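Asker:
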Amino acid sequence: MFRIAVLYELFIILICCAIWKSVANHSPVTFTFKEYQYKDSPKNEMTFREFETACEQSGACNHLSGLQRTRCVRECVSPSCYRELYQADPLEEGEIDVRLNSFKGCFTQRSSRTRN
């Protein structure tokens, strides 16, 4: 019985070492996305917030909550910017959204084109 327990422990140690070695040999993945410049001005914030509020209250998004609501609202605000920045790698639970300013920049750039 003692031999089986020792063999089992050695087996677990070997498995853990193999996993650690596998993880240690992989370099970290760098996350990249298209970046748009965003000027944080009252006008830009007000325009973005108006669209965001309308989308939050829309029938498509108002019944959702949490991350699903955030995704829905972003896609509603600008479907093309959402596709470009989030579709291939959707926002995940607990993720710090480093793409938000780029999304706002994309939105601002594209919405100003339609007004000119």
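Numbering (this note's numbering), first residue to last: 27 to 142. A virtual CB, placed ideally from N, CA and C, is assigned to each residue, including glycine. Nothing here was measured: the structure is a model prediction, and the numbers come from that model.
1) Please classify I41: is it buried, with 16 or more other beta-carbons within 10 angstroms of its beta-carbon, or exposed?
2) Could you tell me the distance, in whole angstroms, from the CA atom of V124 to the CA atom of Y62?
3) Could you check the C-alpha separation between I38 and Y64 for me, to the nearest Å?
4) Are three or more beta carbon pairs between the region 125-133 and the region 94-108 nearer than 8 Å?
5) Would you say the beta carbon of L117 is closer than 7 Å to some non-hydrogen atom of the ligand SAH?
Answerer: The relevant details are as follows:
1) On the sequence shown, residue 41 is found 15 positions in, with the first residue counted as 1. It is exposed - the Cβ of I41 has fewer than 16 other Cβ atoms within 10 Å.
2) The residue you call residue 124 lines up with position 98 of the sequence shown. The residue you call residue 62 lines up with position 36 of the sequence shown. Rounded to whole angstroms, V124 to Y62 spans 12 Å at the Cα level.
3) Residue numbering aside, residue 38 sits at position 12 when the sequence shown is read from its first letter. Residue numbering aside, residue 64 sits at position 38 when the sequence shown is read from its first letter. Answer to the nearest angstrom: the Cα atoms are 51 Å apart.
4) In this structure the region 125-133 touches the region 94-108; the number of beta carbon pairs closer than 8 Å is three or more.
5) Looking for the ligand SAH in the displayed structure turns up nothing, as the structure carries no ligands at all.
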